[in-house]
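Enquirer:
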Amino acid sequence: MRALMLVCTLVLTTGCTITPWVAPYERQYLADPIMGFEQDPVAARYMNHVYEAREAARGAEGGSGGGCGCN
Amino acid sequence: MKRLVVLLSLFLSMSYVHAAEPSKDFTLASNQGANLRLAEQRGDVIMLNFWASWCGPCRQEMPLLDQLHARYSAAGFQVWGVNVDALRKDADTLLAKIPVDFPILFDSKGEVSKLYGVAAMPSTVFIDRDGNVRYIHKGYRDGDEAAYKKMIKELIRE
Amino acid sequence: MAVTRLIARSAGLLLLGPLVAVAAVLPEERADVMYHGYSGGGVTIDGPSVLVRKNLGNSLSLSANYYVDMISGASIDVEATASEYSEQRDEFSLGADYLVDKTSISIGYTNSSENDYEAQTLAFGISQGFFGDLSTIGLRVSYGSDDVFRNGDDNFAAEAQHRRYSLSWNQILTQKLIAELSVETVADEGFLNNPYRSVRYLDAASGTGFSYQAEFYPTTRNSDAISVRAKYRLPYRAAIKAEYRRYADSWGIAADNMEFRYTHPLKEQDEWILEGKIRYYQQNNADFYSDLFPYLNATSFRARDKELSNYTTLALGIGVSYELPQRWSLLNRRNTINLYWDHILFDYEDFLDVTVHGGSTSINPGAEPAYSFSANVIRLFWSMRL
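Protein chains in written order, with numbering that gives the first Met the number 0: chain A, 0 to 70; chain B, 0 to 157; chain C, 0 to 385.
1) Under 8 angstroms, Cβ to Cβ, is there at least one residue of chain C near Tyr45 of chain A?
2) Taking only the alpha-carbon atoms, compute the straight-line gap between Ser8 of chain B and Phe129 of chain C and give it to the nearest angstrom.
3) Give me the Cα-Cα distance between Leu93 of chain C and Gly143 of chain C, rounded to the nearest whole angstrom.
4) Is the CB-CB distance between Ser22 of chain B and Gly109 of chain B below 8 angstroms?
5) Give the C-beta separation of Phe49 of chain B and Tyr24 of chain A to the nearest angstrom, bearing in mind that I take them to be a contact with Cβ-Cβ under 8 angstroms.
6) Under the rule that 16 or more other beta-carbon atoms within 10 Å means buried, what is Leu13 of chain C, buried or exposed?
7) Could you say which of C:Phe300, C:Val140, C:Thr135, C:Ser111 lies nearest to Ala122 of chain C if we only look at CA atoms?
8) Could you work out which residues of chain C lie near Ala118 of chain B, taking near to mean beta carbons separated by less than 7 angstroms?
9) Alpha carbon to alpha carbon, how far is Phe215 of chain C from Gln87 of chain C?
10) What residue does the beta strand (DSSP E) around Val124 of chain B start on, and which one ends it?
11) In the region 22-43 of chain A, which residues sit with their C-beta less than 8 angstroms from some C-beta in chain B, listed in chain order?
12) Could you tell me which residues DSSP puts in a beta bridge with Glu158 of chain C?
13) Can you confirm whether the region 50-62 of chain B touches the region 87-102 of chain B when touching is taken to mean that 3 or more C-beta pairs between the two stretches lie within less than 8 angstroms?
14) Val49 of chain A CB to nearest chain C CB: under 8 angstroms?
15) Do Glu179 of chain C and Ser165 of chain C have their beta-carbon atoms positioned less than 8 angstroms apart in this structure?
16) Determine the direct distance from the alpha carbon of Ala369 of chain C to that of Tyr288 of chain C, and round the result to whole angstroms.
17) List the residues of chain A whose Cβ lies closer than 9 angstroms to the Cβ of His356 of chain C, in chain order.
18) So, does the CB of Gly142 of chain B fall closer than 8 angstroms to a CB anywhere in chain C?
19) Excluding the five sequence neighbours on either side, which residues of its own chain have a C-beta within less than 6 angstroms of the C-beta of Ile125 of chain C, listed in chain order?
20) Would you mind reading off the limits of the alpha helix (DSSP H) that contains Asn47 of chain A?
21) Would Ser222 of chain C pass as an interface residue toward chain A - the criterion being a Cβ-Cβ separation below 8 angstroms?
22) Looking at C-beta atoms only, is the number of pairs between the region 278-287 of chain C and the region 244-255 of chain C that lie closer than 8 angstroms three or more?
23) Identify the residues that DSSP records as bridge partners of Leu138 of chain C: which are they?
24) Measuring straight from C-alpha to C-alpha, what distance separates Lys152 of chain B and Gln31 of chain B?
25) Using a Cβ-Cβ distance cut-off of 8 angstroms, determine whether Trp79 of chain B contacts chain E.
26) How about Leu35 of chain B and Val81 of chain B: do their beta carbons lie closer than 8 angstroms?
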């Protein structure tokens, strides 16, 4: 956890000097709905329920991300 | 923490850019038959709109841009839609669904987008009659057309 | 009751859903109506789930979710000591996402209620895009407070609290590859066992050679999970997803799971999207788990909850999504009908099937066959999007 925090801090403080290597106008594949980790939140959350109710493990299900980041 | 705050405020301040530097010239193939060159448009106010068929907000503002183009063209104003799709047919498919009268230019290799440092999709660059970049508007949200109109009016009066 | 206890405890999960797709963008407006059904191991749980997400202006998104579990049957854990039952769990969630430039802030509240369990959860999340939105970092905390009761025992009442802290880092790696790293810590405190379940122990005085006594769990549980997932766009229009998670907790349980998913649209227009997946999960047992304790009160803590035993699960799933033609679409929105079917095989190592004693008693305690079962999970839903 602490190591991760350190990495994050590094990323945050050095961020400005790195040029983003995938420009906003180069995200046609990422913008495709099939590239989202989960397309349908209701269905994805239900599946996480099914697993969490029957398995001891829990947490870090994630599921964010994808998209073109179009604003 | 201090650096984070500085960074955050930097991000906040970057969302709107006021500038008055000469626009970078380019020539691109267009859907109007001939290639179009920016430097040849001196005397007109140009609204360069970088868009893609896969970008939702871009699709949303296309009809609004078409209205602006029609309304202010008599006053020496043009909207240029710079399409960044890697494949031109993707743009053509969308244009068949959402037809527009303003010229569409094809920047399939992203060279012009790179030249203008496009940092959001869509991005809209306002160029005055002297060929200077005056405003860069990032993204599109409902109601942004009011801001567009204000800028256009200001620039065509000069 | 027995089955829903764990579900209720996980209610916090339902709250916010995915943190945000990409910073600087509000979650998309949509409405979903889902029928969900789980059937296996003697239990059937099904019901509706309805989600509505709506924007107010350009920077605020509100969501509401109503979810119902209708449970009937009896799983093997209670089959030997209790009769079949049926009951219902209702869950309401409200959430708000607020966007300030590249930062998204979310809050949520969930209430889950059934006749012997009440759970409330509050959550707060913040996420921010970096490097021209190539990276998104999200932090989330939630606090849940439960009241536990026991049907048929008015004197029983207990409480439990749950705290969750999670951090996720989403990274666009190339034009065709996106990855995410998540870590989550959960701290539980209070009454954590199931008031209905029992453990069995050797008892020569009993006809079967064993008897039952109530389970008894520690009052704290701390767990850590770390996961990585990646999604890659293939050279043709299709995507594969790979995911791995490692889990460990203070009860001595360690678990891993791995999932692969393949998504394949049939036409450029998204009319049909097919999906296939395979998921494997394995865990070892809790320190205080035993299928058969040597005598009454053999250890200070004791469990025979099969979810705390040593076992594996294998899930295979297929799904299809169909986008309705424009002429059938309601309110000029994108409408899809979706059907997903998952088949899950549960294979227990040290949880033995005591139901064999129903017919004959010739089998010695501890020599029963290991338990296994399979379940079918159905998700059928209609989605309406912009």
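C-beta: ideal position from N, C-alpha, C; glycine also.
These numbers were taken from a predicted model, which means no experiment stands behind them.
Expert: Quick look at the numbers:
1) Interface residue, yes.
2) For Ser8 of chain B, the pLDDT reaches just 48, beneath the cut-off of 50, and the residue's location in the model is therefore unreliable, leaving the point undetermined.
3) The straight-line gap from Cα to Cα measures roughly 15 angstroms.
4) Judged by beta-carbon spacing, Gly109 of chain B lies beyond the 8 angstroms limit of Ser22 of chain B, meaning their Cβ atoms are not closer than that value.
5) The beta-carbon separation of Phe49 of chain B and Tyr24 of chain A, rounded to 6 angstroms, stays under the 8 angstroms limit for a contact.
6) Residue placement at Leu13 of chain C is poorly supported in this model, since its pLDDT is 37, which falls under 50; the coordinates still yield a value, given next. Buried is the call here.
7) Among C:Phe300, C:Val140, C:Thr135, C:Ser111, the Cα nearest to that of Ala122 of chain C belongs to C:Val140.
8) Within chain C, the C-beta atoms nearer than 7 angstroms to that of Ala118 of chain B come from Gly131, in chain order.
9) Going by the C-alpha atoms only, they are around 26 angstroms apart.
10) 122-126 is the extent of the beta strand (DSSP E) around Val124 of chain B.
11) Answer set for the region 22-43 of chain A: Ala22, Pro23, Tyr24, Glu25, Arg26, Gln27, Ala30, Asp31.
12) DSSP output for Glu158 of chain C lists C:Asp146 as bridge partner(s).
13) With the cut-off at 8 angstroms, the region 87-102 of chain B and the region 50-62 of chain B touch.
14) Closer than 8 angstroms: yes.
15) Using a Cβ distance threshold of 8 angstroms, Ser165 of chain C and Glu179 of chain C do not count as a contacting pair.
16) Between Tyr288 of chain C and Ala369 of chain C, the alpha-carbon positions lie close to 15 angstroms from each other.
17) Within 9 angstroms of the CB of His356 of chain C, no CB atom of chain A is found; the nearest one sits about 24 angstroms away.
18) Using a CB distance cut-off of 8 angstroms, Gly142 of chain B counts as an interface residue toward chain C.
19) Counting only residues of its own chain and dropping the five nearest sequence neighbours on each side, Ile125 of chain C has a CB closer than 6 angstroms to the CB of Ile104, Leu138.
20) Here the alpha helix (DSSP H) through Asn47 of chain A covers 40-53.
21) Interface residue, yes.
22) Short answer: they touch.
23) Looking at the DSSP assignment, Leu138 of chain C forms a beta bridge with C:Ile125, C:Leu166.
24) Spanning the alpha carbons of Lys152 of chain B and Gln31 of chain B requires a straight line of approximately 26 angstroms.
25) Of the protein chains in this structure, namely A, B and C, none is chain E.
26) Here Leu35 of chain B is not near Val81 of chain B, since their CB atoms are 8 angstroms or more apart.
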